[in-house]
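Below you'll find the structure, written out as structure tokens, and then a few comments.
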Amino acid sequence: MVGEGAEEEFAPDADVAQRLLKAYPLFVRTEPSALRRSYRSWSLAACQDVVQEAYLKVGLKAACGELDPDTDVMAYLRRAVHNLAVDEYRRQQRSGERLTRMGGDGLEAFPQEQEPVDEGGAGSGS
């Protein structure tokens, strides 16, 4: 029958989606701190945002059937986090924030040097 074939056709995607759902608790518990070790200047909240965005993007791909049935979902999620982190790092560079790569993959931000502010005649004898 037509209905039986259609159910079997969508089973692999459902399997990927199920594995993605099962990976969620471990992924959101471990990845933000792992990302923060690489991007030390980022807050934990910023790292959590990147991790959540990666999970949502991968979830949408799984829902649309764009992931192979044999996809290693944790590896795919980690690669998505890495790619989004690199995109964010590049966006910060373009926006003028001064970021310096330190040893390893870590990044450390340094504030822009600012001119000393003259207090409008303080100590000027007028």
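Those letters in the sequence shown? Residues 38 to 163, per our numbering, in order.
A virtual CB, placed ideally from N, CA and C, is assigned to each residue, including glycine.
Treat the numbers as computed from the prediction; the structure is a model and nothing was measured.
For the set V123, R128 and T108, the Cα lying nearest the Cα of Q55 is the one of T108.
Assigned with DSSP and collapsed to three states, S132 falls in coil, not helix or strand. Note on P69: 16 or more other CB atoms within 10 angstroms of its CB, so buried under the neighbour-count rule. In the three-state reduction of the DSSP assignment, L104 falls in the coil class. Going by beta carbons, A112 and A91 fall outside the 8 angstroms limit.
Separation of V110 and N120 (C-alpha to C-alpha, rounded to the nearest whole angstrom) is 15 angstroms. Comparing alpha carbon positions, the residue from P62, D86 and L104 closest to L72 is D86. Looking at R128, G96 and A122, the one whose alpha-carbon comes closest to that of L58 is G96.
When DSSP states are grouped into helix, strand and coil, S75 belongs to the helix group.
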